[in-house]
Amino acid sequence: MDIQKLTNTVEELLAPGKGILAADESSGTIKRRFDSIGVESTEENRRDYREMLFRAPGVSEYISGVILFDETLRQNGADGTPLSKVLTDRGMVPGIKVDKGTQAIPGSPGELMTEGLDGLRDRLNEYAGLGARFAKWRAVITIGDSIPTSRCLDVNAHALARYAALCQEAGIVPIVEPEVLMDGEHDIDRCDEVNEATLREVFAQLSRQGVALEGMLLKPSMVLSGNKASDRACAEEVGEKTVGCFMRSVPAAMPGVVFLSGGQADDEAIVNLNAVNLRAAQVGAPWVLSYSYGRALQAAPLKAWSGQAANVEAAQQAFHRRAMLSSAARQGAYVPEMEKELTGV
Ligand code: 13P
Numbered sequence: 002m003d004i005q006k007l008t009n010t011v012e013e014l015l016a017p018g019k020g021i022l023a024a025d026e027s028s029g030t031i032k033r034r035f036d037s038i039g040v041e042s043t044e045e046n047r048r049d050y051r052e053m054l055f056r057a058p059g060v061s062e063y064i065s066g067v068i069l070f071d072e073t074l075r076q077n078g079a080d081g082t083p084l085s086k087v088l089t090d091r092g093m094v095p096g097i098k099v100d101k102g103t104q105a106i107p108g109s110p111g112e113l114m115t116e117g118l119d120g121l122r123d124r125l126n127e128y129a130g131l132g133a134r135f136a137k138w139r140a141v142i143t144i145g146d147s148i149p150t151s152r153c154l155d156v157n158a159h160a161l162a163r164y165a166a167l168c169q170e171a172g173i174v175p176i177v178e179p180e181v182l183m184d185g186e187h188d189i190d191r192c193d194e195v196n197e198a199t200l201r202e203v204f205a206q207l208s209r210q211g212v213a214l215e216g217m218l219l220k221p222s223m224v225l226s227g228n229k230a231s232d233r234a235c236a237e238e239v240g241e242k243t244v245g246c247f248m249r250s251v252p253a254a255m256p257g258v259v260f261l262s263g264g265q266a267d268d269e270a271i272v273n274l275n276a277v278n279l280r281a282a283q284v285g286a287p288w289v290l291s292y293s294y295g296r297a298l299q300a301a302p303l304k305a306w307s308g309q310a311a312n313v314e315a316a317q318q319a320f321h322r323r324a325m326l327s328s329a330a331r332q333g334a335y336v337p338e339m340e341k342e343l344t345g346v
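Okay, so the sequence shown: first residue is 2 according to our numbering, each after it adds one.
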């Protein structure tokens, strides 16, 4: 394992004031996003939309790397330049989603396991040849009456660790993503308990399978109330509980946490990330706490674009704005007035 190569990539991805754009929606997910704006999900439309984001003026000040779907890593932009080169020319690191989605866990109703380990070593070598320097694998943990079960945590953590070890062998930084879904009526303490159990299992498996913590990133959920909870916790409590949970379960040798937005509204994802960073500074948390947002960065530009070439500039500005606000939050420097200044309201 070339640890120096891995830590160099980690350092680039965690560069001050920057975070990651997750633009790796699978075919089904991007179709749902396009359906919401009445655009057909053709290969060309997907290319145009993503190229528009990658070429948005000024965003590389806030975006260090972009997670791509397999199709995008192989695609050329409208002028024939490979999209991975469009990114590297602008100082952004191309990454790749390598899991193959989820399936039901046998004998565990309502729980999912992630597939994609078969043939992964060969795929990683191919992706490295195509320019990918980091990867993502998403495991899904659902909160319900008697779930998650220990079986669910075990199979998902095991797969995450096997994926991470293979990535490091190929010189690719693994982003380890155990997403605890925010769907449900549960309160923030239940989310805290499930996140802690999940993270403990994930780091136990990473250790067992020889993964170098210095050469990886963690992409977790924040500790939040369920989206249908009657009384949702405020940002300050989210900051306190999230940092507290990680202090108990995430080793200090792991350099960076890049949160997913996970269905939070885009302003909520920013306010909460800011609160997490304020709390981290108070308690001296050892990690960089940044973002790897999909929906929270893309909801505004997707809507502004709506499939019309005439809207490209407005969509790029919308993306730039969300990236800039996320960057402020990642430094604990976000204040709501920023939204007003930017929109001129
Ligand atoms: P969201 O920020 O939309 O949750 O997406 C991040 C991601 O990569 C999920 O796997």
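All residues carry an ideal CB built from backbone N, CA and C; glycine is no exception.
Assign residue i to one of three DSSP states: helix, strand, or coil.
i           : result
residue 101 : coil
residue 336 : coil
residue 160 : helix
residue 65  : strand
residue 285 : coil
residue 244 : helix
residue 293 : strand
residue 16  : coil
residue 94  : strand
residue 273 : helix
residue 315 : helix
residue 89  : helix
residue 139 : strand
residue 114 : strand
residue 309 : coil
residue 24  : strand
residue 58  : coil
residue 83  : strand
residue 346 : Any answer about residue 346 is weak, because its pLDDT of 44 lies below 50 and its placement is not dependable; what the coordinates show is given next. Three-state DSSP puts residue 346 in coil, outside helix and strand.
I want to check one thing, is the minimum distance from the CB of residue i to the heavy atoms of ligand 1 below 6 Å?
i           : result
residue 23  : yes
residue 20  : no
residue 50  : no
residue 29  : no
residue 139 : yes
residue 261 : yes
residue 33  : no
residue 294 : yes
So the alpha helix (DSSP H) residue i belongs to, where does it begin and stop?
i           : result
residue 127 : 121-130
residue 35  : 28-36
residue 189 : 189-209
residue 1   : As shown, the chain starts at 2 and ends at 346. That puts residue 1 outside it, with no answer to give.
residue 55  : 44-55
residue 73  : 71-74
Tell me where the beta strand (DSSP E) around residue i begins and ends.
i           : result
residue 176 : 174-181
residue 257 : 257-260
Let me confirm a value: residue i is counted as buried when at least 16 other C-beta atoms fall within 10 Å, else exposed. Which label applies?
i           : result
residue 346 : Only weak support exists for where residue 346 lies, its pLDDT of 44 falling under 50; the value from the coordinates is given anyway. Exposed is the call here.
residue 206 : buried
residue 105 : exposed
residue 120 : exposed
residue 29  : exposed
residue 336 : exposed
residue 58  : exposed
residue 52  : buried
residue 17  : exposed
residue 107 : exposed
residue 208 : exposed
residue 81  : exposed
residue 137 : buried
residue 341 : exposed
residue 139 : buried
residue 166 : buried
Next item on the list: State whether the segment 158-172 contacts the segment 3-11, with contact taken as three or more CB pairs (one from each stretch) at a distance under 8 Å.
Entry: yes
Notebook entry, point to check: Using 8 Å as the Cβ pair cut-off and three pairs as the minimum, do the segment 293-301 and the segment 259-268 touch?
Noted result: yes
Check: Taking three-plus beta-carbon pairs below 8 Å as touching, is the segment 186-193 in contact with the segment 229-236?
Finding: yes
Notebook entry, point to check: If you pair each beta-carbon of the segment 141-159 with each one of the segment 113-127, do three or more pairs fall below 8 Å?
Noted result: yes
Margin query: Between the segment 43-52 and the segment 90-100, can you find at least three pairs of beta-carbon atoms closer than 8 Å?
Written below: Put simply, the segment 90-100 does not touch the segment 43-52. Fewer than three CB pairs are less than 8 Å apart.
Notebook entry, point to check: Would you call the segment 125-143 and the segment 95-105 touching, i.e. three or more CB-CB distances under 8 Å?
Noted result: yes
Check: Between the segment 242-250 and the segment 211-225, do at least 3 Cβ pairs fall closer than 8 Å?
Finding: yes
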